[in-house]
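Undergrad:
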Amino acid sequence: CVNALSEFMEVTVRRNGEEHFVRFKDGGKVDKEPTLVSQIPLEKTGTTVTWKPDFSIFDKSNYDIELIETRLERLAYLNKGRKFVFDNQITKEVKEYFFENGIIDWVNNLNQPRKSISDVVFLNEDGSVKNRRILDVQNSISISCAFQYTLGDAPIIYSFCNNIYTAFGGTHLESFKDGILSCVRERSLEAKLIKEPTDILKNDILAGLTAIVSLNYSNPEYSGQTKEVLSNVEIKSFIRERVEELFGKFLEENSDQCKAILQRVDQERNLRLRVEMARQTDRKLALEGFMSFAGKLADCTTKSVDFSELYVVEGDSAGGSAKS
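The opening residue of the sequence shown carries number 1 in full-length UniProt numbering; numbering runs sequentially from there.
Shown next, in the form of C-alpha cells:
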C-alpha cells in the first residue's frame, strides 16, 4: 500500500552478513532491481525503508505529527528495550522513545495521577493454538499483559495485535477480562461477598483497572478492514487460562492487595445494584402516575383531526357525564 502511493520507495535489508538494496518508483514500478550492495558483519542486521508520498494524491500538509509520535511511543512500550527515533526534519526536532520495562512502564505512567491499590501484574506467555481452518496446523501465539487496580473510576485499557492498536478490542481483550472475572468471582465467593458467581458482572471488575493487552499471533483475523476488532475464537482459552493462572496466584500470594481489589469490585457491584434499583423505582413511579392519569381519559372516536375536539371538565362526575 505504501509503495503504491509513493513517488519512490527504497528498501535496504541487512541480514546474514549481506546488505541488499531495491528501489521502486511511481507507485511500485521497479526502478532498481534487488542487488547485493556489500558484505557486512553478521551482527549488523535490520531493514531500512525510505519513501516519499506521491503529492499528486496526498496533500503536502497531510502529516499528523501527533499521530506519528503517539504511534512511535506505543511501539516503544510494546517492544521493550527497543529505541524508536523520530527525526522531524521540518521542525528539526528529534525525539527518542525507549522503555526498558515495556508495558509495565506504560501502566506505571498511566497511573501516575491515580492511587493504586495493587502492584502491576505482568504476564508474558508463548505457545501455540490449533488453526481452526486447516487441520494439523498450529499457529504461534504470544500474549503479554500488564495491569493494575486503582481507586480511579473509569478503566484505562489498550489492546493490540501484532503491534496494531485494536481500538474496539476483540477476542484477545475479552478473554483477558474473562480471566480476571473468573478469579475475582472465585475469591469473592470464598470471602462470602457474593452468593452466586453471576452476582459479579464483567463491568464490575473494570472500575479502576489500568491494563495493556498485547497479542502476537501468526494468523490474525479481523471483523473489519481497519483492524480495530480481533475476531479469532481459537485464542480465547489460551489467553483466559493463563490470565486465570497468573492472577489467581497473585491474589493468593498477596492477601492485602487481594482484599483491596475485592472490596473495590464489591463497591462497584453495589453501586450498580443501587443504580438499577433507583431506575426500577423511577420507572414504577412513572408508570403508576401515567396509569392514574390514563384512567381519566376517554379514547378518541375518530383519528381525523378535522372532526376531533378536546373537552376538559372539572370533577369525576362531570367527566362521567361527558363520556356518556
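Using N, Cα and C, we set each Cβ at its ideal position, and we do this for glycine too.
1) If you reduce the DSSP assignment to three classes, tell me which class S175 lands in.
2) How would you call S116, buried or exposed, if buried means at least 16 neighbouring beta carbons within 10 angstroms?
3) Roughly how many angstroms lie between the CA atoms of S128 and I90, to the nearest whole one?
4) Look at the alpha carbon of A146 and the alpha carbon of V229, and state the distance between them as a whole number of angstroms.
5) Check whether the Cβ atoms of P34 and F55 lie closer than 9 Å to each other.
6) Among K44, L5, N111 and V137, which one has its Cα closest to the Cα of I156?
7) Identify the residues that DSSP records as bridge partners of T50: which are they?
8) Assuming F8 and K52 make a contact with CB atoms under 8 Å, what is their CB distance in whole Å?
9) Are the stretch 176-188 and the stretch 241-253 touching by the rule of at least three beta carbon pairs closer than 8 Å?
10) If you follow the beta strand (DSSP E) that E33 is part of, which residue opens it and which one closes it?
11) Measuring CB atoms only, is the stretch 259-275 touching the stretch 192-212, in the sense that at least three cross pairs come out at less than 8 Å?
12) Could you tell me the boundaries of the beta strand (DSSP E) in which V213 lies?
13) Looking only at DSSP bridge pairs, what is R23 linked to?
14) Whose C-alpha, out of L72, L287, I164 and F58, is nearest the C-alpha of Q225?
15) Output yes or no for whether 9 Å exceeds the beta carbon distance between I103 and S140.
16) Nearest to V121 by CA position, among E252, R23, Q267 and F238, is which residue?
17) The beta strand (DSSP E) that contains N109, what's its start and end?
18) Work out the CA separation of L5 and G28 for me, nearest whole Å.
19) Which same chain residues end up closer than 6 Å to L42 when comparing Cβ atoms and leaving out the 5 residues on each side of it in sequence?
20) Which same chain residues end up closer than 6 Å to S223 when comparing Cβ atoms and leaving out the 5 residues on each side of it in sequence?
21) Could you tell me the alpha carbon to alpha carbon distance between E174 and T210, rounded to whole angstroms?
22) Thinking C-beta only, is V13 closer than 9 Å to R23?
TA: According to the structure data:
1) Within the sequence shown, the letter at position 175 stands for residue 175. S175: helix per DSSP, three-state reduction.
2) Translated into positions along the sequence shown, residue 116 becomes position 116. With 16 or more Cβ atoms within 10 Å of its Cβ, S116 is classed as buried.
3) Taking the sequence shown and counting its residues from 1, the one referred to as residue 128 is at position 128. Taking the sequence shown and counting its residues from 1, the one referred to as residue 90 is at position 90. Computed Cα separation, rounded: 45 Å.
4) In the sequence shown, residue 146 corresponds to position 146, counting from 1. In the sequence shown, residue 229 corresponds to position 229, counting from 1. One C-alpha to the other measures close to 20 Å.
5) The residue you call residue 34 lines up with position 34 of the sequence shown. The residue you call residue 55 lines up with position 55 of the sequence shown. The beta carbons of P34 and F55 sit no closer together than 9 Å.
6) Mapped onto the sequence shown, residue 156 falls at position 156. Closest option to I156, Cα to Cα, is N111.
7) Mapped onto the sequence shown, residue 50 falls at position 50. For T50, DSSP records a beta bridge to E10.
8) Within the sequence shown, numbered from 1, the residue matching residue 8 stands at position 8. Within the sequence shown, numbered from 1, the residue matching residue 52 stands at position 52. Contact holds; Cβ gap of about 6 Å.
9) The way I'd put it, the stretch 176-188 does touch the stretch 241-253; three or more beta-carbon pairs between them come closer than 8 Å.
10) By one-based count along the sequence shown, residue 33 stands at place 33. Residue range K29 to Q39 is occupied by the beta strand (DSSP E) that includes E33.
11) Flag = yes, the stretch 259-275 and the stretch 192-212 touch.
12) Position 213 of the sequence shown holds residue 213. Secondary structure note for V213: its beta strand (DSSP E) is the uninterrupted segment L209 to Y217.
13) In the sequence shown, counting from the first residue as 1, residue 23 sits at position 23. Beta-bridge analysis with DSSP links R23 to E10 and K32.
14) Start at 1 with the first residue of the sequence shown, and residue 225 comes out as number 225. Nearest option by C-alpha distance: I164.
15) Stepping through the sequence shown from its first residue, residue 103 is reached at position 103. Stepping through the sequence shown from its first residue, residue 140 is reached at position 140. Contact: no.
16) For the purposes of this step, residue 121 is taken as residue 121 along the sequence shown, with counting starting at 1. Residue E252 holds the alpha-carbon nearest to the alpha-carbon of V121 among E252, R23, Q267 and F238.
17) Here the question's residue 109 lines up with position 109 in the sequence shown. Where N109 is concerned, there is no enclosing beta strand (DSSP E), although the alpha helix (DSSP H) it sits in stretches over I103 to L110.
18) For this step, residue 28 is matched to residue 28 along the sequence shown. For this step, residue 5 is matched to residue 5 along the sequence shown. G28 and L5: Cα-Cα distance of roughly 8 Å.
19) Taking the sequence shown and counting its residues from 1, one reaches residue 42 at position 42. So the qualifying residues of the chain are G17.
20) Translated into the one-based positions of the sequence shown, residue 223 becomes position 223. If we look at S223 and ignore the five residues flanking it on each side, its Cβ neighbours are V229 and S231.
21) On the sequence shown, position 174 is the one that residue 174 refers to. On the sequence shown, position 210 is the one that residue 210 refers to. The straight-line gap from Cα to Cα measures roughly 15 Å.
22) Sequence index remark: in the sequence shown, residue 23 carries index 23 (1-based). Sequence index remark: in the sequence shown, residue 13 carries index 13 (1-based). Not a contact, by the Cβ cut-off of 9 Å.
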